[in-house]
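Structure, as structure tokens:
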Amino acid sequence: MEPVHRVLLVDDQAMIGEAVRRLLADQPDVAFEFCREWSQAVGTATAFRPTVILQDLIMPGIDGLEMVGHFRRNPATAAVPVIVLSAREEPVVKARLLDAGASDYLVKLPDQVELIARIRVHSDGYRRLLERNAAFTQLEQSLAELGREREKSERLLRSILPATIAERLKNGEATIAESFAEVTVLFADLCGFTEFSEKVDPQHVVGLLDEIFSTFDHLANALGVEKIKTIGDAYMAVAGLPVPRDDHAEVMAAMALGMQEAFRGVARTRGLSMEIRIGMHSGPVAAGVIGRQKFTYDLWGDTVNLASRMESHGEPSRIHVSPTTRALLGDAFRFADRGEVTLKGRGTLRTSFLLGRA
């Protein structure tokens, strides 16, 4: 049987050590260690890892109160039960020892049955304490890990959904669908990207898209624009939701101009011959979350369709805006008249190119 009760005796008398050893010898679940020098007691205890310490009340150079203090101050023995052995019953001394942190007091040599019973009681209590501490530590670690995983999940959710929408989902909303009276939607496409991607390896293609779109994402975060999604080499964003704002057109115009400038910088650095084409339109949309396992926040409505047409009917390196968006921007920006553009299912619109701020 593996010893579960580990008893350390600290006493300067070898005969006491031998006597206690004999009292415990027929207990297969008890391991015994004897230390005669109080100066070595804490070190011996640290190495032996007792579940109970028996200590003499009086040893050369130190008294029982002081020795109990040594054990209680040492992290390895701070909670180990200490049973003080004394030559006689002394109630006042016993009270002081218990107050100092001793667990029990016995007159030596005690009866074998009583000694073993007290050792088992205190040892079992200490072992249960260790088990509780281990369980508590495991619980803390599990809770910390759960917290890290929850934070990771929330970061992932926030990376694919607007922050306010992610918070609503986290709070238990099962269906999120809303109408917004006026927003500005932007689409951007990398002209020449398909031809470029056919000539280079996939890692290079993905790396370039990541660099470009990450730059756009940073710009969107700075301006308070919501990126909706990327589709291949196309980028979709909206201003004015999920939190409505009156300056949605101005903010999206700043976004479009910033995207142009950022893309030109990447193209110069990498020596690319590609261009970016951007389209914008303002109006009402419906927005909501779809999916149960893979969430997507998306927009629907004629405004989205017309913004997409503004992009596809635009010109490379230009920002094509609808008459609605131009009217909202007013005199704060400069424009070039595009003229009339015929759109399937929409008829003819007089559109403009956004050039910059006034």
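Terminal number for the sequence shown in the working numbering: 507, no gaps in between.
Ideal Cβ positions, reconstructed from N, Cα and C, are used throughout, including at glycine.
Supposed close pair residue i, residue j - CB separation, criterion 8 Å
i           : j           : result
residue 429 : residue 457 : That pair is no contact at about 11 Å.
residue 180 : residue 155 : 5 Å
residue 415 : residue 364 : 7 Å
residue 268 : residue 231 : The Cβ separation is near 12 Å, so there is no contact.
residue 505 : residue 482 : 7 Å
residue 292 : residue 405 : Actually they are not in contact, since the Cβ atoms of residue 292 and residue 405 sit about 46 Å apart, beyond 8 Å.
residue 233 : residue 251 : 5 Å
residue 385 : residue 329 : Going by Cβ atoms, the distance from residue 385 to residue 329 rounds to 15 Å, so no, they are not a contact pair.
Pairwise C-alpha distance: residue j and residue i
i           : j           : result
residue 332 : residue 393 : 8 Å
residue 387 : residue 287 : 46 Å
residue 160 : residue 197 : 16 Å
residue 490 : residue 390 : 28 Å
residue 412 : residue 359 : 12 Å
residue 191 : residue 219 : 7 Å
residue 346 : residue 354 : 6 Å
residue 206 : residue 282 : 30 Å
residue 171 : residue 242 : 28 Å
residue 169 : residue 258 : 8 Å
residue 211 : residue 188 : 9 Å
residue 229 : residue 272 : 8 Å
residue 473 : residue 498 : 10 Å
residue 465 : residue 343 : 14 Å
residue 436 : residue 495 : 23 Å
residue 256 : residue 263 : 11 Å
residue 440 : residue 225 : 54 Å
residue 304 : residue 157 : 52 Å
residue 275 : residue 356 : 59 Å
residue 164 : residue 261 : 16 Å
residue 488 : residue 475 : 13 Å
residue 455 : residue 431 : 9 Å
residue 92  : residue 289 : The structure shown does not extend to residue 92, since the chain is modelled only from 150 through 507, so no value can be given for it.
residue 511 : residue 176 : The structure shown has nothing for residue 511, since the chain only spans 150 to 507.
residue 254 : residue 151 : 28 Å
residue 248 : residue 277 : 23 Å
Buried or exposed (CB count within 10 angstroms, at least 16 for buried), residue i
i           : result
residue 378 : exposed
residue 443 : exposed
residue 285 : exposed
residue 324 : exposed
residue 367 : exposed
residue 199 : buried
residue 376 : buried
residue 352 : exposed
residue 420 : exposed
residue 204 : buried
residue 369 : buried
residue 279 : exposed
residue 296 : exposed
residue 500 : buried
residue 361 : buried
residue 237 : exposed
residue 426 : buried
8 Å Cβ cutoff, residue i in contact with chain C
i           : result
residue 435 : This model lacks chain C altogether; it includes just one protein chain.
Whether residue i touches residue j by CB criterion (8 Å)
i           : j           : result
residue 395 : residue 338 : no
residue 374 : residue 334 : no
residue 185 : residue 213 : no
residue 314 : residue 409 : no
residue 422 : residue 341 : yes
residue 453 : residue 310 : no
residue 403 : residue 448 : no
residue 398 : residue 492 : no
residue 182 : residue 193 : yes
residue 217 : residue 246 : yes
residue 507 : residue 486 : no
Note down, one range per segment and in chain order, each beta strand (DSSP E) of at least 3 residues found wholly within the segment 427-485. Fully enclosed beta strand (DSSP E) runs of 3 or longer: 445-449 and 468-470.
List in chain order: all unbroken beta strand (DSSP E) runs of 3+ residues lying wholly within the segment 369-431. The segment 369-431 contains these whole beta strand (DSSP E) runs: 375-380 and 383-388.
Could you pull out every unbroken beta strand (DSSP E) segment of at least 3 residues lying fully inside the segment 204-247, listed in chain order? Listed in chain order, the beta strand (DSSP E) runs fully inside the segment 204-247 are 231-235, counting runs of at least 3 residues.
Any alpha helix (DSSP H) of 4 or more consecutive residues that is wholly inside the segment 338-369: At a cut-off of 4 residues, the continuous stretches assigned as alpha helix (DSSP H) that sit fully inside the segment 338-369 are 342-346.
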